[in-house]
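*Asks:*
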Amino acid sequence: MIYTIGLFLLAGLAEIGGGYLIWLWLREGKPFSWGIAGGVALALYGVIATFQTFPTFGRVYAAYGGVFIVLSVLWGWGVDKKTPDLYDWIGAVICLVGVSVMLWGPRH
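Residues 266 to 373, numbered by this note's numbering, are exactly what the sequence shown covers, in order.
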């Protein structure tokens, strides 16, 4: 389980960080190299997610979507300094419950 969570966190940081670097390049006039670094980070996100041990692409990416939402809330809080409100936290918990059901629900 630690391996799974670690990969989700690493993939999330690559995706959000890559998207953020591209945002800064295109929207805030940062150097082109920031956009290139963002593109590399986004490509790494795609590679990192393939290291999950779950057998189906759809399930991994669906579960990752919930993790991405939580990480995005945390990114906004830590990097953009936008404090999440009660409904952001409730939504994040709902997403994590959904991820847990999808990944670790009993199957036959």
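Beta carbons: idealized from backbone N, C-alpha and C, even for Gly.
1. Go through the segment 319 to 360 residue by residue and report every complete run of the alpha helix (DSSP H) that reaches 4 residues or more, in order.
2. Would P349 pass as a contact of V362 if the rule is Cβ separation under 7 Å?
3. Could you tell me if F319 is buried or exposed, where buried requires 16 or more neighbouring beta carbons within 10 angstroms of its beta carbon?
4. Assuming A306 and A279 are in contact, meaning their beta carbons sit under 8 Å apart, how far apart are those beta carbons, in whole angstroms?
5. Using a Cβ-Cβ cut-off of 8 Å (strictly less than) and excluding sequence neighbours within five positions of G300, which residues of its own chain qualify?
6. Counting pairs of beta carbons, one from the segment 340 to 358 and one from the segment 312 to 329, are three or more of them closer than 8 Å?
7. Please report how far the alpha carbon of I334 lies from the alpha carbon of A357, in whole angstroms.
8. Considering only C-alpha positions, which residue in the set Y326, W342 and Y352 is nearest to A276?
9. Taking T269 as the reference, which of L368, I359 and H373 has the closest Cα?
10. From which residue to which residue does the alpha helix (DSSP H) around T269 run?
11. On the criterion of 16 or more Cβ atoms from any shown chain inside 10 Å, does F297 qualify as buried, or is it exposed?
*Replies:* On the basis of the data shown:
1. For the segment 319 to 360, whole alpha helix (DSSP H) runs of length 4 or above, ordered along the chain, are 322 to 343.
2. Residue mapping note: residue 349 aligns to position 84 of the sequence shown, counting from 1. Residue mapping note: residue 362 aligns to position 97 of the sequence shown, counting from 1. Annotated as distal: P349 and V362, with beta-carbon spacing of 7 Å or more.
3. The count along the sequence shown starts at 1 and reaches residue 319 at position 54. Exposed is the call here.
4. As a first step, residue 306 must be located in the sequence shown, where it is residue number 41. As a first step, residue 279 must be located in the sequence shown, where it is residue number 14. Contact between A306 and A279 holds: their C-beta atoms lie close to 5 Å from each other, under 8 Å.
5. Position 35 of the sequence shown, counted from the start, is the residue given in the question as residue 300. Answer for G300: L286, I287, W290 and L291, listed in chain order.
6. Cβ pair count under 8 Å is below three, so no.
7. For the purposes of this step, residue 334 is identified with residue 69 of the sequence shown, where counting begins at 1. For the purposes of this step, residue 357 is identified with residue 92 of the sequence shown, where counting begins at 1. CA-to-CA, the gap between I334 and A357 works out to about 7 Å.
8. Translated into the one-based positions of the sequence shown, residue 276 becomes position 11. Cα-wise, what sits closest to A276 is Y326.
9. Along the sequence shown, read from residue 1 onward, the residue named residue 269 stands at position 4. Among L368, I359 and H373, the Cα nearest to that of T269 is on L368.
10. The sequence position of residue 269 within the sequence shown is 4, counting from 1. From DSSP, the alpha helix (DSSP H) with T269 extends over I267 to E293.
11. Translated into the one-based positions of the sequence shown, residue 297 becomes position 32. Burial call: exposed.
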